[in-house]
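Step one of this worksheet: look at the structure below.
Numbering (the working numbering), first residue to last: 6 to 217.
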């Protein structure tokens, strides 16, 4: 089985960005959802985006954001891809792709087998579907360290490129890849010592474990 691609999400500091690059992560995630402890302002995104340019792929995370907000972030950070973590429809995905000429990822929240069905609706519009654990109603979208039952994917047949998120950390990512065959793994809280506070050693350990 080929080693999965790796995304470290919610990066807000230059030192963390450089740790991701040193650990050979494939993607770095910039969070533009204001309630999140990992929220990145546009000035900070501009600085980090410039440092990341040509060294690691920059993915911007949005939750039901308006097109103008997304456009500002794309320009400020020089984003290479857009990740949608809200209730955005396939038409919204297609419109963003057409407007920005960038790959668009769509997060699908999963708690049971029935939650996998909507992934097919985005097969034609999204460049990648990211399966994440469903969070409690009213909670922030993602970044809570929750995971879903990976065995649900045993009978699932993806319609296109996909990745796995939700509760992944250095201790369980290798098992997650073994069970699901995920071609991409995404972590945020799994490499933190507190909400929004990334740990350099955990980033290195996560990347090593994912490739093992």
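All C-beta atoms, glycine included, are put in the ideal place defined by N, C-alpha and C.
{"Asked": "Taking just the CA atoms, how far does residue 127 sit from residue 193?", "Found": "24 Å"}
{"Asked": "Which value, in whole angstroms, describes the spacing of the CA atoms of residue 121 and residue 49?", "Found": "35 Å"}
{"Asked": "Which stretch, first to last residue, makes up the beta strand (DSSP E) that contains residue 88?", "Found": "86 to 89"}
{"Asked": "Would you mind listing the beta strand (DSSP E) stretches within the region 102 to 183 that are 3+ residues and don't spill past its ends, in chain order?", "Found": "109 to 115, 133 to 138 and 167 to 169"}
{"Asked": "Please check the pair residue 84 and residue 110, which I expect to be a contact at CB under 8 Å, by giving their CB distance rounded to whole angstroms.", "Found": "That pair is no contact at about 11 Å."}
{"Asked": "Mind checking which residues open and close the alpha helix (DSSP H) that includes residue 211?", "Found": "205 to 216"}
{"Asked": "For the region 8 to 81, list the beta strand (DSSP E) runs that are entirely contained and at least 3 residues long, ordered along the chain.", "Found": "10 to 14, 32 to 36 and 62 to 67"}
{"Asked": "Using alpha carbons as the reference points, say which of 71, 137 and 62 lies closest to residue 11.", "Found": "62"}
{"Asked": "Return the residue from the list 125, 34 and 76 that minimises the CA-CA distance to residue 88.", "Found": "34"}
{"Asked": "So is the beta-carbon of residue 7 under 7 Å away from any non-hydrogen atom of the ligand MG?", "Found": "Ligands displayed in this structure: none; no statement on the ligand MG is therefore possible."}
{"Asked": "Can you have a look at residue 59 and say buried or exposed, based on whether 16 or more other CB atoms are within 10 angstroms of its CB?", "Found": "exposed"}
{"Asked": "Does DSSP classify residue 99 as helix, strand or coil?", "Found": "helix"}
{"Asked": "Count the other CB atoms within 10 Å of the CB of residue 168; is the residue buried (16 or more) or exposed (fewer)?", "Found": "buried"}
{"Asked": "Less than 8 Å between the C-beta atoms of residue 43 and residue 15, yes or no?", "Found": "yes"}
{"Asked": "In terms of DSSP beta bridges, what is residue 202 paired with?", "Found": "199"}
{"Asked": "Which same chain residues, not among the five before or five after residue 124, have their C-beta less than 6 Å away from its C-beta?", "Found": "113 and 134"}
{"Asked": "Should residue 154 go down as buried or exposed, given a rule of 16 or more other Cβ atoms within 10 Å for buried?", "Found": "exposed"}
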